[in-house]
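Start counting the sequence shown at 29; every next residue gets the next number (the numbering used here). Think of the CB as a built atom: it goes at the ideal place given N, C-alpha and C, for glycine as much as any other residue. None of the values given here were measured: they were computed from a predicted structure.
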Amino acid sequence: ARLIEDFVRAGKLAQRAGFDFVDIKHCHGYLGHEFLSAIDRPGYYGGSFENRTRFLREIVAGTRTEAPGLDIAVRLSAFDFLPFERGADGRGEPSAFRGDRYPYAFGGDGTGLGINLAEPLAFLGLLVKMGIKLVCISGGAGYNPHLLRPALVPPLGGYRPPEDPLAGVTRLISVTEELKRQRPELVYVGSGYSYLQRWLPNVAQSAVRHGMADFVGIGRMSLCYPDIVADILAGRTLKGQFICRVCGDCMAAPANGMVSGCYTLDDFYRNRPEYQQLRRLKMKK
């Protein structure tokens with residue numbers, strides 16, 4: 029209850045600060061995401077689908093009471109796989125598990141490596157019932173980062189991708205398209221596009237034009253190239269020196285207690301003491 033109250037308090041504070049909406053994360057191993065796969069957790073927040081979504085419902089109810097008029101969005105890992113670990117050749121390999129089925133991947137098909145969207149669609153139906161309109165679709169968590177951030181360069185201390193990163197981009201786009209097709213009442217933000225680099229605008233335009241997403245979210249790319257959207261909309265040639273290298277430093281830094289930013293391309297971050305600290309960490313790992 030205390031944690032839910034903290035979420036509600038944060039929403040109220042966001043409204044006072046002038047924000048139009050808050051994003052309640054159910055992705056990437058955040059607590060809301062972990063509850064979704066807590067099929068054998070005892071108590072009110074595990075077991076049944078109703079219990080596993082109680083966390084979200086209570087936050088939404090409290091926020092609407094304490095911050096009326098504040099819109100609410102959700103970012104959802106709509107599928108998950110087994111945790112991956114570094115294999116002998118450095119590439120990621122799925123961890124071993126006991127039994128015939130792996131039941132702890134929300135949006136998984138029980139094999140640990142496949143997708144079944146039945147429960148994610150039920151979750152989206154719950155959003156519709158609660159009057160939530162905006163959802164950003166992602167996948168996976170920190171224990172299988174190739175699902176959520178397609179890239180050739182592994183995370184600091186992590187594994188090399190077990191697949192062509194373009195397969196990861198395609199998976200994210202395809203899952204978003206399928207969810208949008210089956211639950212068209214919601215407004216969908218697609219993710220995972222930064223790996224496309226200079227081709228991001230082309231693929232993003234096609235995805236929106238063909239109804240595969242309503243918006244395209246830009247995360248990693250916005251850190252190194254904050255003007256990219258303005259340049260795209262103005263029809264200007266992209267500035268190659270600012271295009272994301274998908275190196276992962278922007279994620280490695282906060283994971284090790286440093287501020288996030290583009291340490292590769294942005295002089296502001298390169299001139300910070302954290303830049304040398306990050307370099308030392310990379311040399312060790």
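My output table needs one value for residue i: the three-state DSSP class, helix, strand or coil.
i: residue 267; result: coil
i: residue 283; result: helix
i: residue 51; result: strand
i: residue 56; result: strand
i: residue 160; result: coil
i: residue 217; result: strand
i: residue 122; result: strand
i: residue 102; result: strand
i: residue 188; result: strand
Can you give the Cα-Cα distance for residue i and residue j, rounded to whole angstroms?
i: residue 111; j: residue 65; result: 13 Å
i: residue 102; j: residue 42; result: 15 Å
i: residue 188; j: residue 279; result: 16 Å
i: residue 55; j: residue 136; result: 14 Å
Which residue's Cα is closest to the Cα of residue i: the options?
i: residue 142; options: 180, 33, 107 and 88; result: 107
i: residue 161; options: 153, 209 and 29; result: 153
i: residue 3; options: 248, 285 and 257; result: What is shown of the chain runs 29 to 313, which leaves residue 3 out entirely.
i: residue 224; options: 263, 178, 191 and 292; result: 178
i: residue 59; options: 75, 281 and 32; result: 32
i: residue 134; options: 34, 124 and 146; result: 146
i: residue 48; options: 56, 39 and 271; result: 39
i: residue 37; options: 194, 310, 96 and 79; result: 96
i: residue 132; options: 63, 192, 89 and 255; result: 63
i: residue 206; options: 261, 241 and 283; result: 241
i: residue 29; options: 82, 70 and 51; result: 82
What distance in whole Å lies between the Cβ atoms of residue j and residue i, which are believed to be in contact at a cut-off of 8 Å?
i: residue 165; j: residue 218; result: 6 Å
i: residue 306; j: residue 277; result: 6 Å
i: residue 197; j: residue 167; result: Not really, about 11 Å apart at Cβ, beyond 8 Å.
i: residue 3; j: residue 163; result: Nothing can be reported for residue 3: it is not among the residues displayed for the chain, which extend from 29 to 313.
i: residue 234; j: residue 274; result: The pair is not a contact, with the Cβ atoms about 20 Å apart (cut-off 8 Å).
i: residue 120; j: residue 130; result: Their Cβ separation, rounded to whole angstroms, is 16 Å, which puts residue 120 and residue 130 out of contact at 8 Å.
i: residue 87; j: residue 35; result: 5 Å
With 16 as the cutoff for other CB atoms within 10 Å, does residue i come out buried or exposed?
i: residue 109; result: buried
i: residue 77; result: exposed
i: residue 302; result: buried
i: residue 93; result: exposed
i: residue 157; result: exposed
i: residue 172; result: buried
i: residue 151; result: buried
i: residue 72; result: exposed
i: residue 311; result: exposed
i: residue 116; result: exposed
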